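> Reading the sequence shown from the start, the letters are residues 1151 to 1343 in the numbering used here. Just so you know, even glycine gets a beta-carbon here, dropped at the ideal spot from N, CA and C. Everything numeric in this text was worked out from a predicted model, so none of it was measured. Just dropping this structure here.
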Amino acid sequence: MERWDEERVRQRILRELGPATSFPAVSSRLRDALSEELGDWYAAGPQVGDETISGWCWCHAFPRPFVAGGLEAVAEGVVDEVRGCLAWRRGLGDWLDERRGPRELLTLEEELVELVGVLVGLGLNDAWYVHVPAATAWRLEVAGHPVPDDLFDQLDGIAGNCFTSWVDPKPPERASYARDALWAAIEALLDDA
């Protein structure tokens, strides 16, 4: 599922960088190449340049963090970012797998507080919090509670109200998110009953 050939990706990046004449052309081609080479696991996120892994993005910082060593350094920097994306996904996946199995919604509040801590620990950069709704939805689904689109939208809104970029949320903010997310899930369940 999450397989990739590092050398093949590195060579593809170098090929895409070679003929580039402007930064927008480079970033567009590299994003397309990464999506093509890495497939579904990568498309599900996080992705290189979304600021989750190391805090840089395509529009503001790339390829400046790697420019000192030329094209080879840029290619290696992107490969490192892909490694970070994969490690992030595996870390979250391992945490979720340890909690697999049906659970009552009311018993999940503590786990959702912990989940926010896991996401922060996997990469405290500007965009860490954008993954909170999806991770919460995965946790609810693993516990046997489906997350329809309208509930996902609510989770997204709740996360947006509880967390801000670059800030490690304090325990009260984590608890507030968990409480509000669970009540949204319970209300959705009651509406379907």
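Taking just the CA atoms, how far does residue 1158 sit from residue 1306?
Along the sequence shown, one-based indexing puts residue 1306 at 156. Along the sequence shown, one-based indexing puts residue 1158 at 8. Distance between the alpha carbons of residue 1306 and residue 1158 is about 36 Å.
> Going by beta-carbon coordinates alone, are residue 1287 and residue 1280 separated by less than 8 Å?
Within the sequence shown, the letter at position 137 stands for residue 1287. Within the sequence shown, the letter at position 130 stands for residue 1280. Taking 8 Å as the Cβ cut-off, residue 1287 and residue 1280 do not qualify as a contacting pair.
> Among residues of its own chain, excluding the 5 on either side of residue 1238, which ones have a beta-carbon nearer than 7 Å to its beta-carbon?
Taking the first residue of the sequence shown as position 1, residue 1238 is located at position 88. Same-chain partners within the cutoff: 1196, 1202, 1203, 1272, 1273.
> Pick helix, strand or coil for residue 1155, following the three-state DSSP scheme.
On the sequence shown, residue 1155 is found 5 positions in, with the first residue counted as 1. Here residue 1155 sits in coil by DSSP.
> Answer yes if the region 1299-1314 comes into contact with the region 1233-1252, meaning at least three C-beta pairs across the two stretches below 8 Å, and no otherwise.
Touching, no, given that fewer than three Cβ pairs across the two stretches are closer than 8 Å.
> Is the region 1254-1263 touching the region 1178-1189 in the sense that three or more CB pairs, one from each, lie closer than 8 Å?
Short answer: they don't touch.
> Give the secondary structure of residue 1312 by DSSP, where H, G and I count as helix, E and B as strand, and everything else as coil.
Working through the sequence shown from its first residue, we reach residue 1312 at position 162. Note: residue 1312 maps to helix in three-state DSSP.
> Give me, in chain order, the residues of the same chain whose beta-carbon lies closer than 7 Å to that of residue 1304; leave out the 5 immediate sequence neighbours on both sides.
In the sequence shown, the residue the question calls residue 1304 occupies position 154. The residues are 1334.
> Quick check on the burial criterion: 16 or more other C-beta atoms within 10 angstroms. Buried or exposed for residue 1209?
Start at 1 with the first residue of the sequence shown, and residue 1209 comes out as number 59. Its Cβ having fewer than 16 others within 10 Å, residue 1209 is exposed.
> Quick one: give me the first and last residue of the alpha helix (DSSP H) that residue 1322 is part of.
Start at 1 with the first residue of the sequence shown, and residue 1322 comes out as number 172. Start and end: 1321-1342.
> Exposed or buried, which one is residue 1153 when buried takes at least 16 other CB atoms within 10 Å?
Within the sequence shown, the letter at position 3 stands for residue 1153. Classification for residue 1153: exposed.
> Name the residue from 1261, 1180, 1244 whose alpha carbon lies nearest to the alpha carbon of residue 1231.
Position 81 of the sequence shown, counted from the start, is the residue given in the question as residue 1231. With distances taken between Cα atoms, residue 1231 lies closest to 1180.
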